[in-house]
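Protein chains in written order, with the working numbering: chain W, 2 to 281; chain S, 38 to 242.
Using N, Cα and C, we set each Cβ at its ideal position, and we do this for glycine too.
Heads up: the structure comes next, in structure tokens.
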Amino acid sequence: MPNLGELAARLIGILADTVGSSSLRLGAAPTVTILLVILVLLSLVARPGIRWSGRDIGRLAEMGRAMALAAESGADAAVSLGSAGISRAASALERFQTIAALPILGHVARTAARAGVPLRVTTNDPVTALAAAATLASAHRLTSTPERAAASTVAYIGEGRAVSAAAALSGARPHGVAAVAGGVGEEGILILDGQLRAADWSVAGTASASQPAGPLLVADGALIGPGLLQAAAEIAGGEHARSSVLAANRLIWSAIAVLLIGSAMGLAGGPHIAEFLAGR
Amino acid sequence: MRRTVVAAMALVTGLLLILDLLVVNPSLGQAAGALNELLVLLAAAAAVGGAVTLGAHHLREVAAGAGSRAGSMVLLGGMVVVLVAGLRPGSTGSADPAVAWLVAALLAPIAASIFALTFLFLLGALRRGFAVRGRETSVMAAAAAIVIVLLLPLGGAPGDWLASGATWVRAVPLAGVFRGLLIGVGVVVALSAARFLLLPDRDDD
């Protein structure tokens, strides 16, 4: 059994070998620049004395009153999380908008839970549906309204951007409060119009550079470009992490189920679903 | 504790992927590749779960006679047809000709038909925009009108002048606005991602 000195020497040797067998992919200057940018960003974010502005971007502060009016009139609330999703084949920037939309969904869910307004969330991505369900559960727990959780639903409407647009158009009906947040493409105006057209109060946000006109034209409150991400970051940090934990737990159970079922099918001589699922 | 674990996992994963981007190392590459494979597996598991939930929901709708029974039947029928085409004995999965035909002959035209509605709905949105916020909508409508005029299919000297004008609009003001938006989005994406992970819990009220 090696003593501590030998163990440390081995660890240092492994590290030295690893460093020795590596080379910089981008060269010294770009690597140092990227690391410096990351360090500056982290120091800006983590600085304890920093104060972030609290402007009412997207008129989100009006949502509480709109939700109270919806409760009085017996209307519901609806949220669409765009058409990019988290696990769909979209660009990283589009998918990050879906993640940024979750705190906004949390804000809507909390105001709806307090007012007793049923909330319906739609998405075209199953991973986003899991995260949205966890966000709703977290909102009811935070507002101590578990008895109202059954009235709020998350619906996975199927795969594809066209599906999002078609579902928004075919399911268009009056809502007390309606919101669209996340990445959208050319179908953005269809989703926005179907979801928000008949709403008493609405908000729409997207950071898609080609689609700022839709929220401006259709919604009462608009989060354009960086506004969507800024609003998400200003709303809350904690609930996002709790939602991530809940969603991750559900994903892990789903993955285990797929592994077991796929293995059983393979052992039984059935089709190998791994290749079909991964598209290979 | 849970928040700490999640943040630590996200930071370690992110650092590993950033290191793989910056440094060429076989072990690092394998670790990053394994992470990406895990992501594919998670997405596949979630997709199966989502599809099963969707099917179960519409089966319940059909059984209970609630909602649109015809719509639910069409959706369930479509799911069955695609699954049979992709999983039947001898099928090559998503690359099977039957699946490719279903996509090319049914799904693509349906999607194109939906996207073709964009123009009509944009006109409707413009009408509503003028009623709700006239100033911003007027600016957008004026810009759209200018672009339409610049793209008119005219010949001769006026056509050349319009074409050069359209090229300038695309290359200078339009490209400037796009780049400005993208730079702004990129900066806030970086800040937001870091704040999601590092900021302490706080309520929004």
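Select from the options the residue whose C-alpha is nearest the C-alpha of residue i.
{"i": "W:R149", "options": "W:L27, W:A140, W:Y157", "result": "W:A140"}
{"i": "W:R96", "options": "W:L261, W:L230, W:G271", "result": "W:L230"}
{"i": "S:G213", "options": "W:P119, W:G270, W:S211", "result": "W:S211"}
{"i": "S:A227", "options": "W:A110, W:A233, W:V181", "result": "W:A233"}
{"i": "S:V89", "options": "S:M116, S:L72, S:L160, S:F152", "result": "S:M116"}
{"i": "W:I225", "options": "W:P119, W:A205, W:P31, W:A133", "result": "W:A205"}
{"i": "S:R207", "options": "S:I183, S:A122, S:A194, S:I151", "result": "S:I183"}
{"i": "W:A138", "options": "W:A167, W:L106, W:A116", "result": "W:L106"}
{"i": "S:A135", "options": "S:A103, S:V118, S:A148", "result": "S:V118"}
{"i": "S:S109", "options": "S:V121, S:A132, S:A80, S:H94", "result": "S:H94"}
{"i": "W:A163", "options": "W:A67, W:I262, W:A79, W:G83", "result": "W:G83"}
{"i": "S:L79", "options": "W:A168, W:S255, W:S264", "result": "W:S255"}
{"i": "W:A151", "options": "W:S92, W:I35, W:L143, W:L120", "result": "W:L120"}
Residue i: buried (16+ other C-beta within 10 angstroms of its C-beta) or exposed?
{"i": "S:E74", "result": "exposed"}
{"i": "W:V33", "result": "exposed"}
{"i": "W:L5", "result": "exposed"}
{"i": "W:S145", "result": "exposed"}
{"i": "W:E7", "result": "exposed"}
{"i": "W:L1", "result": "For chain W, the structure presents residues 2 to 281; residue 1 of chain W sits outside this window and is missing."}
{"i": "W:V185", "result": "buried"}
{"i": "W:G14", "result": "exposed"}
{"i": "W:D221", "result": "buried"}
{"i": "S:L52", "result": "exposed"}
{"i": "S:Q67", "result": "exposed"}
{"i": "S:W205", "result": "exposed"}
{"i": "S:R164", "result": "exposed"}
{"i": "W:W202", "result": "buried"}
{"i": "S:F158", "result": "buried"}
{"i": "S:P237", "result": "Note that S:P237 scores 47 on pLDDT, short of 50, meaning its location in the model is unreliable; the coordinates nonetheless yield the value given after this. Counting Cβ neighbours within 10 Å, S:P237 comes out exposed, since fewer than 16 surround it."}
How far does the beta strand (DSSP E) with residue i in it reach, from first residue to last?
{"i": "W:G225", "result": "The question names Gly, yet the displayed sequence has Ile at residue 225 of chain W. Start and end: 222–225."}
{"i": "W:T154", "result": "154–157"}
{"i": "W:V181", "result": "178–182"}
{"i": "S:A203", "result": "Premise fails: S:A203 lies in the alpha helix (DSSP H), 193–206, not in any beta strand (DSSP E)."}
{"i": "W:V80", "result": "78–81"}
What is the residue span of the alpha helix (DSSP H) that residue i lies within?
{"i": "W:V118", "result": "Run containing W:V118: none; DSSP gives neither H nor E here."}
{"i": "W:A167", "result": "162–171"}
{"i": "W:T207", "result": "It is not in any alpha helix (DSSP H) - W:T207 instead sits in the beta strand (DSSP E) that spans 202–207."}
{"i": "S:R165", "result": "155–169"}
{"i": "W:E188", "result": "Here W:E188 belongs to no alpha helix (DSSP H), and DSSP marks it neither H nor E."}
{"i": "S:G123", "result": "106–124"}
Opposite residue i in the DSSP bridges: which residues?
{"i": "W:L25", "result": "S:V60"}
{"i": "W:V109", "result": "DSSP, once it has assigned bridges, lists no residue as partnering W:V109."}
{"i": "W:T144", "result": "The partner list for W:T144 (beta bridge, DSSP) is empty, contrary to what the question assumes."}
{"i": "W:V122", "result": "W:V80, W:V155"}
Q. Taking contact to mean at least 3 C-beta pairs separated by less than 8 Å, is the region 151–170 of chain W in contact with the region 113–125 of chain W?
A. Proximity of the region 151–170 of chain W to the region 113–125 of chain W meets the contact definition, three or more beta-carbon pairs being nearer than 8 Å.
(Q) Using 8 Å as the cut-off, can you tell me whether the region 96–116 of chain S makes contact with the region 66–78 of chain W, which would need three or more C-beta pairs spanning the two stretches below that distance? (A) At 8 Å Cβ cutoff, the stretches do not touch.
**Q.** chain A contacts from the region 180–200 of chain W (Cβ-Cβ distance under 8 Å)
**A.** No chain A appears in the structure shown, which is made up of the protein chains W and S.
Q: Decide yes or no for the touch test of the region 174–182 of chain S against the region 190–198 of chain W: beta carbon pairs closer than 8 Å, at least 3 of them.
A: No contact exists between the region 174–182 of chain S and the region 190–198 of chain W.
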